[in-house]
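Here the sequence shown is numbered in my numbering, starting from -10 and rising by one per residue. Here's the structure, in structure tokens; my notes come after.
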Amino acid sequence: MPIILHTADLHLKRAGEDHAYSLSVLKEIISVANVRLATHFLICGDMYDSFADFSDNMLREEVKAAFDSLNPDCSVIYITGNHELSGMGGRERLSAYNTGRIKFISDKMEAFTDGGIEFYTVPFRDNYMPLISAYFATKKKFRILMMHGTDSTVYTGPDTEKEEGTGSAQIPDILLSRVQADYAALGHIHEARESVRGNSIAAYCGSPRVWRKGEKGPRKVILFEVNDNRPGPREEIIIKSAGQYREMQIPVNLDGNFSADIKSMLMKAAEESPHDWFELVFRGVAEDSGYFEAGKAELHSALSGRIRRCTLNSLAVKTMSALSDNPAARVFLEAMEARKPAADSPEMEVWLQARMIGLEAINSGLK
Ligand SMILES: [Mn+2]
-10 MPIILHTADL HLKRAGEDHA YSLSVLKEII SVANVRLATH FLICGDMYDS
40 FADFSDNMLR EEVKAAFDSL NPDCSVIYIT GNHELSGMGG RERLSAYNTG
90 RIKFISDKME AFTDGGIEFY TVPFRDNYMP LISAYFATKK KFRILMMHGT
140 DSTVYTGPDT EKEEGTGSAQ IPDILLSRVQ ADYAALGHIH EARESVRGNS
190 IAAYCGSPRV WRKGEKGPRK VILFEVNDNR PGPREEIIIK SAGQYREMQI
240 PVNLDGNFSA DIKSMLMKAA EESPHDWFEL VFRGVAEDSG YFEAGKAELH
290 SALSGRIRRC TLNSLAVKTM SALSDNPAAR VFLEAMEARK PAADSPEMEV
340 WLQARMIGLE AINSGLK
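The structure is reproduced here in structure tokens:
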């Protein structure tokens, strides 16, 4: 009985911190395939982050070695995504590279039967419209279509890649029924989505790793059985080594410091999920920007090395120097200064709070 593992958009990288990270994600997916006795391992494009990564001999050898540990009875089928083509010279051919046991479709659409499943596999292209008039044989078994692009019936959000200047590669709505696909295994959109139309399922498995800032939620692959030419329920398997992208909100006190619990909360979260990417989002008005900068640097160095990545976002923090150019803030601060209680007075706390609220109100009026 066929057991399908569907993944895409791994974006393997040959260098930097992402190199070891992306490979560890691949290795975990391979072990999922082994444990779950997958018979088909589908990679729907963007396995590599760029042509330079795809064509890197060291990385390709590492990927081959990783697939050596995959159950030899499991077929690996891989189509080109837009990223494999990114930065590729006009004379290059992806098919010139040896991908070992991986069946790699990079030149043109290929139809074949493998382990009781009919496959239509389409390497990435900018325009899929000509496919509508292609010939598709009458279906005899469960049929899977593999593509990399934007299917607007599954995903209605923004094309997150448009800003990079890559084509949106729209998949024509009518194509699935033309292909008579029981399951369209899709790549390109990094969020998992599924839509069912009649007997036809179209699914994005999402990226199994955190590729860039903002890709929230657990990262996963899809696994399902095919029984009597019918698909079983699609199971989403979380890839633990991928971690998650998490925004951590950090209120900044007027003195530029953070509350004492913040650091211990962050250290605890880091210990629990070392594969995560934390974006520390600071908010507030800081009187002393030097103190604030030092506190930020201390948090960053405490977290770096304990989690995959730690980035800092201070866009929502206004420092006094920025506010001092504002006439309303100047008048307000002068008025507050005239009412300042003694340092040891019980009213000091109320005064500090009032000054903070006032500055925040002026600050939000600045936007
Ligand atoms: Mn893509």
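Where is the CB? At the ideal position from N, CA and C, for every residue including glycine. Note that the structure is a prediction, hence the values are computed from the model and not measured.
Remark: fewer than three beta-carbon pairs, one from each stretch, lie closer than 8 Å, so the stretch 228 to 243 and the stretch 178 to 188 are not flagged as touching. Around ligand 1, the residues selected by a Cβ distance under 7 Å to any of its heavy atoms are D(-2), G34, D35, G70, N71, H72, H137, E150, G176, H177, following chain order.
Contact between F93 and A100 does not hold, since their C-beta atoms are separated by about 16 Å, which reaches or exceeds 8 Å. If the five residues before and after E276 are omitted, its C-beta is found closer than 7 Å to the C-beta atoms of L243, D244, G245, M309, all from its own chain and listed in chain order. Under the Cβ criterion (8 Å, minimum of three pairs), the stretch 162 to 172 does not count as touching the stretch 199 to 209. DSSP lists N216 as the beta-bridge partner residues of R219.
Judged by beta-carbon spacing, W266 lies beyond the 7 Å limit of R295, meaning their Cβ atoms are not closer than that value. Using a Cβ distance threshold of 7 Å, H137 and G70 count as a contacting pair. One thing to note: D35 has its Cβ no nearer than 7 Å to the Cβ of H8. Looking at S184, S58, K329, the one whose alpha-carbon comes closest to that of S20 is S58. Under the 10 Å beta carbon count, S122 is surrounded by fewer than 16 other beta carbons and is classified as exposed.
When only Cα atoms are considered, P335 and I346 end up about 18 Å apart.
In the structure shown, K130 falls within a coil segment according to DSSP collapsed to helix, strand and coil. Around the beta carbon of S39, 16 or more other beta carbons lie within 10 angstroms, which makes this residue buried. Residues of the same chain with a CB within less than 7 Å of the CB of R90, apart from the 5 flanking positions on each side, are F56, V65 in chain order. Of the residues assessed, A332 falls on the exposed side of the cut-off, its CB having fewer than 16 other CB atoms within 10 angstroms. In terms of Cβ geometry, R132 and A170 form a close pair [threshold 7 Å]. The residues L1, F43, E73, in chain order, have a CB closer than 6 Å to that of Y37 in the same chain once the five nearest residues on each side in sequence are set aside. As DSSP reads the structure, R272 sits in a beta bridge with P240, A305. Annotated three-state conformation of F108 is strand, per DSSP. Annotation: the continuous alpha helix (DSSP H) that includes I251 extends over 249 to 261. Excluding five sequence positions before and after F271, the CB atoms of its chain that fall closer than 6 Å to its own CB belong to I239, V241, S303, V306, given in chain order. L269 is positioned such that its CB atom lies no closer than 7 Å to that of L312. Residue pairing from DSSP places Q159 in a beta bridge opposite T139. Counting only the Cα atoms, S184 lies some 22 Å from F125. The closest CA to that of E214, considering only K16, G5, A22, E6, is found on A22. Judged by beta-carbon spacing, I226 lies beyond the 7 Å limit of H(-5), meaning their Cβ atoms are not closer than that value. Rounded to whole angstroms, the gap between the alpha carbons of V14 and H264 is 10 Å. In the three-state reduction of the DSSP assignment, G176 falls in the strand class, which pools E and B. Counting only residues of its own chain and dropping the five nearest sequence neighbours on each side, S248 has a CB closer than 8 Å to the CB of P240, N242. The C-beta distance from C194 to A(-3) rounds to 6 Å, short enough to meet the 8 Å contact threshold.
Put simply, of Q342, V339, P316, A343 the residue whose alpha carbon is nearest the alpha carbon of G354 is P316. Setting aside the 5 residues that flank it on each side, E349 is surrounded in the same chain by V274, each with a C-beta closer than 7 Å to its C-beta; the list follows chain order. Beta-bridge annotation (DSSP): V168 is not paired with any residue. For D103, there is no enclosing alpha helix (DSSP H); the residue is found in the beta strand (DSSP E) stretching over 99 to 103.
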